[in-house]
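Student:
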Amino acid sequence: MRKLTAGILAHVDAGKTTLSEALLYRGGALRTLGRVDHADAFLDHDQLERERGITIFLKQAVLTLPGLELTLLDTPGHVDFAAEAERTLQVLDCAILVVSAPDGPQGHTLTLWRLLERSGVPVFLFLNKMDQPVDRDGLLEKLRRSLSPDMLDMDGYGSESFWESAALGDERALSEYLETGSLDPATLRRLISQRKCFPCFFGSALKLRGVDELLEGLEKFAPRPRWGEEFAARVYKITRDDRGTRLTHVKITGGSLQVKASLSLPGGQEKVDQIRVYSGAKFTAPGSVEAGTVCALVGLSSTLPGQALGAESSGPPPALEPAIAYRMLLPEGTEANAVLPKLRELSEEDPQLHLEWNQSLGQITVRLMGKIQAEILKRVISDRFGLDVEFSQGSVVYKETIAKPVEGVGHFEPLRHYAEVHLLLEPLPAGAGVELGTVCSEDDFAGSWQRLILTHLAEKIYRGVLTGSALTDVRITLVSGRAHLKHTEGGDFRQATYRAVRQGLMKAQSILLEPWYSLHIEIPTESFGRALGDIQRMGGEAGAPQTVGNDTVIEASVPVAAFGDYASELAAYTKGHGRISCALSGYKPCPNQEAVVSSFGYDPDKDLDDPPGSVFCGHGASFLVPWDKVSSYMHLPALKLNEDGIPFVEAPGGPGPSPRESRPLAPLEADKELLAIFERTYGPIKPRAFEPAPRPKRPPSPPSGEGPDRYRPIELPPQGPEYLLVDGYNMIFAWDELNALAKLDLSSARTALADILCNYQGFRQNRIILVFDAYKVPGGAGSVAKYHNIHIVYTKEAETADAYIEKASYQLTKEHRRVLVASADFAEQLIILGHGALRMSAQELRLEVEQANGEIRDILERQALLPKGSGGMREAFRRAIEDKH
Numbered sequence: 000m001r002k003l004t005a006g007i008l009a010h011v012d013a014g015k016t017t018l019s020e021a022l023l024y025r026g027g028a029l030r031t032l033g034r035v036d037h038a039d040a041f042l043d044h045d046q047l048e049r050e051r052g053i054t055i056f057l058k059q060a061v062l063t064l065p066g067l068e069l070t071l072l073d074t075p076g077h078v079d080f081a082a083e084a085e086r087t088l089q090v091l092d093c094a095i096l097v098v099s100a101p102d103g104p105q106g107h108t109l110t111l112w113r114l115l116e117r118s119g120v121p122v123f124l125f126l127n128k129m130d131q132p133v134d135r136d137g138l139l140e141k142l143r144r145s146l147s148p149d150m151l152d153m154d155g156y157g158s159e160s161f162w163e164s165a166a167l168g169d170e171r172a173l174s175e176y177l178e179t180g181s182l183d184p185a186t187l188r189r190l191i192s193q194r195k196c197f198p199c200f201f202g203s204a205l206k207l208r209g210v211d212e213l214l215e216g217l218e219k220f221a222p223r224p225r226w227g228e229e230f231a232a233r234v235y236k237i238t239r240d241d242r243g244t245r246l247t248h249v250k251i252t253g254g255s256l257q258v259k260a261s262l263s264l265p266g267g268q269e270k271v272d273q274i275r276v277y278s279g280a281k282f283t284a285p286g287s288v289e290a291g292t293v294c295a296l297v298g299l300s301s302t303l304p305g306q307a308l309g310a311e312s313s314g315p316p317p318a319l320e321p322a323i324a325y326r327m328l329l330p331e332g333t334e335a336n337a338v339l340p341k342l343r344e345l346s347e348e349d350p351q352l353h354l355e356w357n358q359s360l361g362q363i364t365v366r367l368m369g370k371i372q373a374e375i376l377k378r379v380i381s382d383r384f385g386l387d388v389e390f391s392q393g394s395v396v397y398k399e400t401i402a403k404p405v406e407g408v409g410h411f412e413p414l415r416h417y418a419e420v421h422l423l424l425e426p427l428p429a430g431a432g433v434e435l436g437t438v439c440s441e442d443d444f445a446g447s448w449q450r451l452i453l454t455h456l457a458e459k460i461y462r463g464v465l466t467g468s469a470l471t472d473v474r475i476t477l478v479s480g481r482a483h484l485k486h487t488e489g490g491d492f493r494q495a496t497y498r499a500v501r502q503g504l505m506k507a508q509s510i511l512l513e514p515w516y517s518l519h520i521e522i523p524t525e526s527f528g529r530a531l532g533d534i535q536r537m538g539g540e541a542g543a544p545q546t547v548g549n550d551t552v553i554e555a556s557v558p559v560a561a562f563g564d565y566a567s568e569l570a571a572y573t574k575g576h577g578r579i580s581c582a583l584s585g586y587k588p589c590p591n592q593e594a595v596v597s598s599f600g601y602d603p604d605k606d607l608d609d610p611p612g613s614v615f616c617g618h619g620a621s622f623l624v625p626w627d628k629v630s631s632y633m634h635l636p637a638l639k640l641n642e643d644g645i646p647f648v649e650a651p652g653g654p655g656p657s658p659r660e661s662r663p664l665a666p667l668e669a670d671k672e673l674l675a676i677f678e679r680t681y682g683p684i685k686p687r688a689f690e691p692a693p694r695p696k697r698p699p700s701p702p703s704g705e706g707p708d709r710y711r712p713i714e715l716p717p718q719g720p721e722y723l724l725v726d727g728y729n730m731i732f733a734w735d736e737l738n739a740l741a742k743l744d745l746s747s748a749r750t751a752l753a754d755i756l757c758n759y760q761g762f763r764q765n766r767i768i769l770v771f772d773a774y775k776v777p778g779g780a781g782s783v784a785k786y787h788n789i790h791i792v793y794t795k796e797a798e799t800a801d802a803y804i805e806k807a808s809y810q811l812t813k814e815h816r817r818v819l820v821a822s823a824d825f826a827e828q829l830i831i832l833g834h835g836a837l838r839m840s841a842q843e844l845r846l847e848v849e850q851a852n853g854e855i856r857d858i859l860e861r862q863a864l865l866p867k868g869s870g871g872m873r874e875a876f877r878r879a880i881e882d883k884h
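Everything in the sequence shown is counted per numbering that gives the first Met the number 0, starting at 0 for the first residue and increasing by one.
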């Protein structure tokens, strides 16, 4: 059966949910007609929605028509929840835009129309509440003036004027009309699909007028999408059901999906445990679904709204973004550390919350669209987590950028660790965001390290040094880096990279950016002077006004900080006749930067989360070097910049960069011997090339002989946790306590190690694969089993743990995964380094585990959940041995 997904969108109180009820009732999906004011609407089944009489959460309903399965997505109508409506547009085949006929198009109607236009979604309009006195022709004229001139009055379907209006915007359709005097239904369907005309239906949803005509129009003229054969899907929402089960709401856009199918996600392979097709609060659980189906998947833990699955391509970034931040005020005596993991569930469900935790200040902040969303969020937190929170007065969300290119350097060299990173930070045009790239040659710096550094660059939002606000409109380019053959670990480059960005920002000329709204104002002409004066008072900019009938239309832009609650003020002085719609248009330099920076009181030198200095090693001990002296300690030469801040290298034969003291990082003799054995056996170690993204526009070319020799951005690896491969028996015989337990019972030692790693994984959130040798087991076929939150592998006959780990590390690094291998076998460590993976000794893993246990114990002791002085790993081993005795 043909499938169609239609979203219902509207300004608040336009009758959107009433229309949804009417469509379901007339289509045979409901036996009785519910009403919003009676609190028995089929789709508004949440208690909050019934109390307030508005749609808060996106709902789904399935309606079966002759030859068509119609999935309706009822979106929130209030402007505070517009971000949820925007996310839904990604999975729609068409939209039904509901307009209250007596009120005409409202401010939020214009916002929705622009979002639909940006997403290219075909639109059917339903002009509701026509049972009230309405100037029908005047309403159509308003729609043509404010939305699009291509409105098509479906009441005139089949008339000469109707065909003429439909065909005017398309040459092929016009030729068909001139030849036949009408248009084929397929032609009209094509015009609607291409947004060359917008059918308008008139009626009253409450009295079921015009509802049958709308259903017939959808069945006859709605787009008929074609799906690919390969599996593809798009995530548009994350929720949790009454039992706390995580649901990933998707639309299947290609192929089919079966229960127990494995999906490749940035965090690794995850299995679909159940498929649910919802209709209202109820669902069915089919064994498989085909393309065009909107459903919820159970079992996926790392999905996010907007994510593309399978062959689906990535979608555009959201256009709506909250510009006001609120500090969350927790009940007295509540630890923020204990609350934060719970709140991250809400951040998964609504990424636009931008949940942020400031550890130094002990503050949690969220970004909200308005007061209604704040009230709803307070209620949701209370109902779900039992916390009664409050929100502070909202503050503007600032951002920061830089004025000129600057080099940032970072070094991390505590004892037995080493990493050095050199970055170039360059300003980009407004709205460009943060771009990442590299100009490193793989002959000078291994591709595996480059991929790791760029992964670290992409895994966090960097904060500026003026107010601690997010960094934007900057290109960060990896210029050079250095690793040690033996002493470099994966976390070393994370530290060096973060410090390099911060050190560059400390040297740079930073610019504070403030958010601006773009406004569309329709007011009576007599109020034009007042509105123009208000825009000037707010420090905004206004375009040339346009007079339409008795109204004046103004396109303007104003700073968010000055806008406040101006929408209510405009409604008051125009006596309800004025309309205003606003959307975040971007960021511009803040004119009162010094005053704003002073009000924040942010000190970047005291920010422990983003230290600008670097760590060096001398005389057997590490020491910290302040950011302004780091450059003189670096081991690699500094990047040369001309007087305009543009980087360049010397022409061939010319003088090189000024010499700088550096220490050779000669490998130990044992390292050299092992390296020679490896190369004789497997050939020379050659870093695997990574795959470049399409070449971007080059930076401005400096004078001849002074330009960068190459600029090559790379395709970033998928984001996700590190993979940790652990050689099980290697760890057991390297850790004294496990070795002692193994002499009593090897099975108990294996279980003890697995339990320790489960605890470690739960804290570090990495992916752990514990590998045990079974190569001497006759007829052993090998096995892979999930033990709590880790995987345990028993190798097959004639396959050692070393061989399995080498093969697995090669495959995972080939897929651009971040891989760490824990083994006491140094020859094995050298082989996996050749694969591009990172290695960790048995004692280093033990120290990592003990550190994690200590942090867990500290948190539990602070929350009075664990008696002080409770033992760590040694105590656990002691108890295990005593139990065995």
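Note that the Cβ used here is the ideal one computed from N, Cα and C, for glycine as well.
What do you get for Arg343, buried or exposed, if any count of 16 or more other CB atoms within 10 angstroms of its CB means buried?
Tutor: Counted from its first residue, the sequence shown places residue 343 at position 344. It is exposed - the Cβ of Arg343 has fewer than 16 other Cβ atoms within 10 Å.
Student: Taking the beta carbon of Gln444 as the centre, do at least 16 other beta carbons fall within 10 Å, making it buried, or is it exposed?
Tutor: Here residue 444 corresponds to residue number 445 of the sequence shown, with the count starting at 1. Gln is not the amino acid found at residue 444; the sequence shown has Phe there. Its Cβ being crowded by 16 or more others within 10 Å, Phe444 is buried.
Student: Please name the residue, chosen from Lys195, Glu212, Ala204, that lies closest to Arg171 on a Cα-to-Cα basis.
Tutor: One-based indexing of the sequence shown puts residue 171 at position 172. Ranking the options by Cα distance to Arg171, first place goes to Lys195.
Student: Between which two residues does the alpha helix (DSSP H) carrying Thr110 extend?
Tutor: Residue mapping note: residue 110 aligns to position 111 of the sequence shown, counting from 1. It spans 106-118 - the alpha helix (DSSP H) in which Thr110 sits, taken as one unbroken run.
Student: Out of Gly538, Pro321, Val478, Thr4, state which residue places its alpha-carbon closest to the alpha-carbon of Ala582.
Tutor: Sequence index remark: in the sequence shown, residue 582 carries index 583 (1-based). Considering only alpha carbons, the answer is Pro321.
Student: What span of residues does the alpha helix (DSSP H) with Asp382 cover, start to end?
Tutor: In the sequence shown, the residue the question calls residue 382 occupies position 383. Note, Asp382: alpha helix (DSSP H), 370-384.
Student: Check the DSSP bridge columns for Val725 and list the partner residues they point to.
Tutor: What you label residue 725 is simply residue 726 of the sequence shown in a count that begins at 1. Answer is Leu769, Ala821.
Student: Determine, using beta-carbon pairs with one atom in the region 289-298 and one in the region 326-346, whether at least three such pairs fall under 8 Å.
Tutor: Result no; under three Cβ-Cβ pairs closer than 8 Å.
Student: Please confirm whether Pro625 and Gly612 have their CB atoms less than 9 Å apart.
Tutor: Locating residue 625 in the sequence shown gives position 626, counting from the first residue. Locating residue 612 in the sequence shown gives position 613, counting from the first residue. Cβ atoms of Pro625 and Gly612: closer than 9 Å.
Student: How many angstroms separate the CA atom of Arg223 from the CA atom of Leu213?
Tutor: On the sequence shown, residue 223 is found 224 positions in, with the first residue counted as 1. On the sequence shown, residue 213 is found 214 positions in, with the first residue counted as 1. Their Cα atoms are separated by approximately 17 Å.
Student: Say whether the region 477-497 touches the region 539-546, bearing in mind that this needs 3 or more beta-carbon pairs closer than 8 Å, one atom from each stretch.
Tutor: no
Student: For Leu352, which of Ala81, Thr252, Ala402, Val595 has the nearest alpha-carbon?
Tutor: In the sequence shown, the residue the question calls residue 352 occupies position 353. The residue with the shortest Cα to Cα distance from Leu352 is Ala81.
Student: Just tell me which of Gly279, Ala9, Tyr235 has its CA closest to the CA of Gln59.
Tutor: The residue you call residue 59 lines up with position 60 of the sequence shown. Per the Cα distances, Gly279.
Student: Please list, in chain order, all residues of the same chain as Leu187 whose beta carbon is under 7 Å from its beta carbon, the five residues on each side excluded.
Tutor: Taking the sequence shown and counting its residues from 1, one reaches residue 187 at position 188. Taken in chain order, the residues that qualify are Ala165, Phe220.
Student: Between the Cα of Leu756 and those of Asn738, Glu849, Asp154, Leu57, spot the shortest distance and give me the residue it belongs to.
Tutor: In the sequence shown, the residue the question calls residue 756 occupies position 757. The shortest Cα separation from Leu756 among Asn738, Glu849, Asp154, Leu57 belongs to Glu849.
Student: Could you give the distance in angstroms between the alpha-carbon of Lys506 and the alpha-carbon of Ser447?
Tutor: Position 507 of the sequence shown holds residue 506. Position 448 of the sequence shown holds residue 447. Lys506 and Ser447 have their C-alpha atoms roughly 29 Å apart.
Student: What does the Cβ neighbour count give for Glu178, buried or exposed, with the cut at 16 atoms within 10 Å?
Tutor: Within the sequence shown, the letter at position 179 stands for residue 178. Counting Cβ neighbours within 10 Å, Glu178 comes out exposed, since fewer than 16 surround it.
Student: Would you kindly report the start and end of the unbroken beta strand (DSSP E) that includes Val438?
Tutor: On the sequence shown, residue 438 is found 439 positions in, with the first residue counted as 1. Here Val438 belongs to no beta strand (DSSP E), and DSSP marks it neither H nor E.
Student: Taking DSSP's pairing of strands, which residues face Phe161 in a bridge?
Tutor: Walking along the sequence shown from the start, residue 161 turns up at place 162. According to DSSP, which records beta bridges pairwise, Phe161 is partnered with nothing at all.
Student: One question on the structure: do Ala232 and Leu256 come within less than 9 Å of each other, judged by their Cβ atoms?
Tutor: Taking the sequence shown and counting its residues from 1, the one referred to as residue 232 is at position 233. Taking the sequence shown and counting its residues from 1, the one referred to as residue 256 is at position 257. Yes; because the gap between Cβ atoms is below 9 Å, this pair is in contact.
Student: Where does the unbroken beta strand (DSSP E) through Asn738 begin, and where does it stop?
Tutor: Residue mapping note: residue 738 aligns to position 739 of the sequence shown, counting from 1. Unbroken run through Asn738 is the alpha helix (DSSP H), 735-743; no beta strand (DSSP E).
Student: Excluding the 5 residues preceding and the 5 following Ser517 in the sequence, name in chain order all residues of the same chain whose CB lies nearer than 6 Å to its CB.
Tutor: Taking the sequence shown and counting its residues from 1, one reaches residue 517 at position 518. Taken in chain order, the residues that qualify are Ser556, Ala582, Ser584.
Student: If I'm right that Asp8 touches Asn127 with Cβ under 8 Å, what's the distance once you round it to whole angstroms?
Tutor: Translated into the one-based positions of the sequence shown, residue 8 becomes position 9. Translated into the one-based positions of the sequence shown, residue 127 becomes position 128. Here residue 8 turns out to be Leu, not Asp, going by the sequence shown. Actually they are not in contact, since the Cβ atoms of Leu8 and Asn127 sit about 13 Å apart, beyond 8 Å.
Student: Mind checking whether Leu299 and Thr247 have CB atoms under 9 Å apart?
Tutor: Counted from its first residue, the sequence shown places residue 299 at position 300. Counted from its first residue, the sequence shown places residue 247 at position 248. Yes. Within cutoff.
Student: Whose C-beta lies closer than 7 Å to the C-beta of Ala560 among residues of the same chain, with five residues either side of it excluded?
Tutor: Walking along the sequence shown from the start, residue 560 turns up at place 561. Contacts found: Val395, Glu513.
Student: For the region 167-222, list the alpha helix (DSSP H) runs that are entirely contained and at least 4 residues long, ordered along the chain.
Tutor: 170-179, 184-192, 210-220
Student: With respect to the beta strand (DSSP E) encompassing Ser580, which residues constitute its N-terminal and C-terminal limits?
Tutor: On the sequence shown, residue 580 is found 581 positions in, with the first residue counted as 1. Annotation for Ser580: the continuous beta strand (DSSP E) segment containing it runs 578-588.
Student: Count the other C-beta atoms from every protein chain shown that fall within 10 angstroms of the C-beta of Glu311, then say buried if there are 16 or more, exposed otherwise.
Tutor: In the sequence shown, counting from the first residue as 1, residue 311 sits at position 312. Label assigned to Glu311: buried.
Student: I need the straight-line Cα distance from Leu142 to Gly103, nearest angstrom please.
Tutor: Taking the sequence shown and counting its residues from 1, one reaches residue 142 at position 143. Taking the sequence shown and counting its residues from 1, one reaches residue 103 at position 104. The straight-line gap from Cα to Cα measures roughly 8 Å.
Student: Just confirm the distance between the C-beta atoms of Ser468 and Arg474, as a whole number of angstroms; I'd bet it's less than 8 Å.
Tutor: On the sequence shown, position 469 is the one that residue 468 refers to. On the sequence shown, position 475 is the one that residue 474 refers to. With a Cβ gap of about 19 Å, Ser468 and Arg474 do not count as contacting.
Student: Roughly how many whole angstroms lie between the Cα atoms of Pro691 and Arg450?
Tutor: Along the sequence shown, one-based indexing puts residue 691 at 692. Along the sequence shown, one-based indexing puts residue 450 at 451. Low per-residue confidence applies at Pro691: pLDDT is 35, beneath 50, and the placement is therefore not dependable, though the value from the model is reported in the following sentence. Whole-angstrom Cα-Cα distance: 11 Å.
Student: Excluding the five sequence neighbours on either side, which residues of its own chain have a C-beta within less than 8 Å of the C-beta of Pro413, listed in chain order?
Tutor: To locate residue 413, count along the sequence shown from 1; it is residue 414. Excluding residues within five positions, the ones whose Cβ falls inside 8 Å are Val614, Cys616, Ser621.
Student: How about Lys2 and Ala260: are their beta carbons less than 9 Å apart?
Tutor: Start at 1 with the first residue of the sequence shown, and residue 2 comes out as number 3. Start at 1 with the first residue of the sequence shown, and residue 260 comes out as number 261. No. Outside cutoff.
Student: Do you know how far the Cα of Ala566 is from the Cα of Glu554?
Tutor: For the purposes of this step, residue 554 is identified with residue 555 of the sequence shown, where counting begins at 1. For the purposes of this step, residue 566 is identified with residue 567 of the sequence shown, where counting begins at 1. Approximately 15 Å, taken between the alpha carbons.
Student: Just how far apart, CA to CA, sit Gly66 and Glu218?
Tutor: Here residue 66 corresponds to residue number 67 of the sequence shown, with the count starting at 1. Here residue 218 corresponds to residue number 219 of the sequence shown, with the count starting at 1. About 8 Å.
Student: Tell me which residue opens and which closes the alpha helix (DSSP H) that Leu139 is part of.
Tutor: Numbered from its first residue, the sequence shown carries residue 139 at position 140. Unbroken alpha helix (DSSP H) run through Leu139: 135-145.
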